[in-house]
Amino acid sequence: MKKRQVVIKQRSRNSNTSSSWTTTSSSATSSIRYVECQKNHAANIGGYAVDGCREFMAAGVEGTDDSLRCAACGCHRNFHRKEVNTEVVCEYSPPNT
């Protein structure tokens, strides 16, 4: 999971005050999930057949070669469709008056 935080400060001139600052803060969180296998098992005979594996399950612990192999179908993780869910939260603080 990746988390990024961005802070933007903008200076604006107002006729009543000499200067004021506004602050906008946003953070984004991404989660990646691998779903159904899309490997064509009949490609060598000119057909199309998938095995029906619905979700990637790592065959080993993180950091090993087996973590990239699916325990259900035996395929590499790249054959599974990748879903990326991103959540962005923005906070705004009005200028000081």
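Per the numbering used here, residue 11 is the first one in the sequence shown, and the count goes up by one each step.
Built from N, CA and C at the ideal position, the CB exists for glycine as well.
query: What separation, rounded to the nearest whole angstrom, lies between the Cα atoms of Thr34 and Thr74?
result: Approximately 41 Å between the Cα atoms of the pair.
Within 7 Å, strictly: CB atoms of Cys100 and Ala82: Not closer than 7 Å, so no.
- prompt: Just curious, the beta strand (DSSP E) that His90 is in, first and last residue?
  reply: Annotation: the continuous beta strand (DSSP E) that includes His90 extends over 90 to 103.
- prompt: Are the Cβ atoms of Arg91 and Phe66 separated by less than 7 Å?
  reply: Going by C-beta atoms, Arg91 is not nearer than 7 Å to Phe66.
task: Put Ala53 into one of helix, strand or coil per three-state DSSP.
output: Helix at Ala53.
Nonlocal neighbours in the same chain, by C-beta distance under 7 Å from Phe89, ignoring five residues either side: These residues qualify, in order along the chain: Cys47, Gln48, Lys49.
- request: Alpha carbon to alpha carbon, how far is Cys85 from Ala53? Give it in angstroms, no decimals.
  value: Rounded to whole angstroms, Ala53 to Cys85 spans 15 Å at the Cα level.
message: So, under 8 Å CB-CB, Asn95 and Ser41 are touching, yes? Tell me the CB distance rounded to an integer number of Å.
response: For a cut-off of 8 Å, the C-beta gap from Asn95 to Ser41 is around 5 Å, short enough to register as a contact.
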